[in-house]
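2 protein chains.
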Amino acid sequence: MRRDIFQAIADPTRRTILTLIAVQAMTPNALAAYFDTTRQAVSKHLKILAECELVRQEQQGREIYYQLEIGRMKEIDNWLEQFRKLWENRFGQLDELLLTLKNKQQ
Amino acid sequence: MRRDIFQAIADPTRRTILTLIAVQAMTPNALAAYFDTTRQAVSKHLKILAECELVRQEQQGREIYYQLEIGRMKEIDNWLEQFRKLWENRFGQLDELLLTLKNKQQ
DNA sequence: TATACATGCAACCAATTGGTTTCTCAAAAT
DNA sequence: ATTTTGAGAAACCAATTGGTTGCATGTATA
Numbered sequence: 001m002r003r004d005i006f007q008a009i010a011d012p013t014r015r016t017i018l019t020l021i022a023v024q025a026m027t028p029n030a031l032a033a034y035f036d037t038t039r040q041a042v043s044k045h046l047k048i049l050a051e052c053e054l055v056r057q058e059q060q061g062r063e064i065y066y067q068l069e070i071g072r073m074k075e076i077d078n079w080l081e082q083f084r085k086l087w088e089n090r091f092g093q094l095d096e097l098l099l100t101l102k103n104k105q106q
Numbered sequence: 001m002r003r004d005i006f007q008a009i010a011d012p013t014r015r016t017i018l019t020l021i022a023v024q025a026m027t028p029n030a031l032a033a034y035f036d037t038t039r040q041a042v043s044k045h046l047k048i049l050a051e052c053e054l055v056r057q058e059q060q061g062r063e064i065y066y067q068l069e070i071g072r073m074k075e076i077d078n079w080l081e082q083f084r085k086l087w088e089n090r091f092g093q094l095d096e097l098l099l100t101l102k103n104k105q106q
């Protein structure tokens, strides 16, 4: 039980769940229809996502709607931030190269 | 052996390795000094990162320098893209709320 | 009220993971 | 030429993971 957002998105099923509920809240049953596993397996994935606060539950009668908790997703974005400079730099260099080539053609 | 970039960054040691070599290329030995594990364990992490093409190796005598392959990191950014709209929206709504509160004070 | 449905939990299982120790190999250094 | 050093591969191990089946519980419906 690591309860780590990076570990949470490591599983492809969980990533798909996040994508699905990003569009609209869904019940475990409805989600399970998208996968080749049992409802209980999906339930376990949802539990992990809930522990990481990546999803929010909303009971509605006997159904539970799972909704994306978008705020947490920003943590991944924050981690990426340290690398963003590097790849912007790289693409910046590419831009420069293309510009040089263009100038030579003129 | 999943060779999946999301699975690669799931491990905290591997994330730290990526952060370290983002600054400058490093050898397995130098990296191992940062962790409470054996050099061989670090070597295994590097192998996984290499399989995902997140690092590039450069032999120099008997040492091997590992360097960050920044391009692959953009895949994570691309996956985040689908959620970015949502959280920008959310913070947009927050901005609006703050603006309303400010106006009320006046 | 009895039955069907939606969900989560517990117990179990095979595969994977992250770590270790031991070994081999190639390149420096003595 | 011999020894030391840097690195990866192999064999092994305990813990974790993702899945299953069976059960318990609460809510809707007949």
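Going down the list, the protein sequences come from chains A and B.
Heads up, the first sequence is in full-length UniProt numbering, so the first residue is 1 and it goes up one at a time.
Heads up, the second sequence is in full-length UniProt numbering, so the first residue is 1 and it goes up one at a time.
All C-beta atoms in this analysis are idealised placements derived from N, C-alpha and C, irrespective of residue type, glycine included.
Any heavy atom of the ligand ADP closer than 7 Å to the CB of residue i?
{"i": "Arg3/B", "result": "Summarising the ligand content, the structure contains no ligands, and the ligand ADP is consequently not present."}
Start and end of the alpha helix (DSSP H) containing residue i?
{"i": "Gln7/A", "result": "Ile5 to Ala8"}
Show which residues of chain B have a CB atom less than 8 Å away from the CB atom of residue i.
{"i": "Thr19/A", "result": "Gln82"}
{"i": "Ile76/A", "result": "Ile76 and Leu80"}
List, in order along the chain, the chain A residues whose C-beta lies closer than 9 Å to that of residue i?
{"i": "Leu86/B", "result": "Ala22, Leu68, Ile70 and Met73"}
Enumerate in chain order the residues of its own chain whose CB-to-CB distance from residue i is below 8 Å, with the five nearest sequence positions on each side excluded.
{"i": "Pro28/A", "result": "Arg39, Val42, Ser43, Leu46, Ile64 and Tyr66"}
{"i": "Leu20/B", "result": "Met26, Leu31 and Tyr34"}
For residue i, which residues in the same chain have their Cβ closer than 7 Å to its Cβ, ignoring the five residues on either side in sequence?
{"i": "Glu75/A", "result": "Ile5"}
{"i": "Arg3/B", "result": "Glu51 and Cys52"}
{"i": "Ala22/B", "result": "Leu68"}
{"i": "Arg72/A", "result": "Ile5, Cys52, Glu53 and Leu54"}
{"i": "Glu88/B", "result": "none"}
{"i": "Asn78/B", "result": "none"}
{"i": "Glu81/A", "result": "none"}
What's the call for residue i, buried or exposed, on a 16-neighbour Cβ count within 10 Å?
{"i": "Arg14/A", "result": "buried"}
{"i": "Gln7/B", "result": "buried"}
{"i": "Val55/B", "result": "buried"}
Can you pull the chain B neighbours of residue i, defined as C-beta to C-beta under 9 Å?
{"i": "Arg15/A", "result": "Phe6 and Trp79"}
For residue i, which residues of its own chain have a beta-carbon under 6 Å away from its beta-carbon, when the five flanking residues on both sides are left out?
{"i": "Ile9/B", "result": "Arg15"}
{"i": "Gln106/A", "result": "Here Gln106/A scores only 48 on pLDDT, less than 50, and its place in the model should not be relied on; the value that follows carries that caveat. None."}
{"i": "Gly61/B", "result": "none"}
Residues of chain B with a CB under 7 Å from the CB of residue i: which are they?
{"i": "Ile9/A", "result": "Phe6"}
Runs of beta strand (DSSP E) lying entirely within the UniProt domain "HTH arsR-type" (1-88) of chain B, each at least 3 residues, in chain order
Taking only runs of at least 3 residues, the beta strand (DSSP E) segments lying wholly in the UniProt domain "HTH arsR-type" (1-88) of chain B are 55-60 and 63-68.
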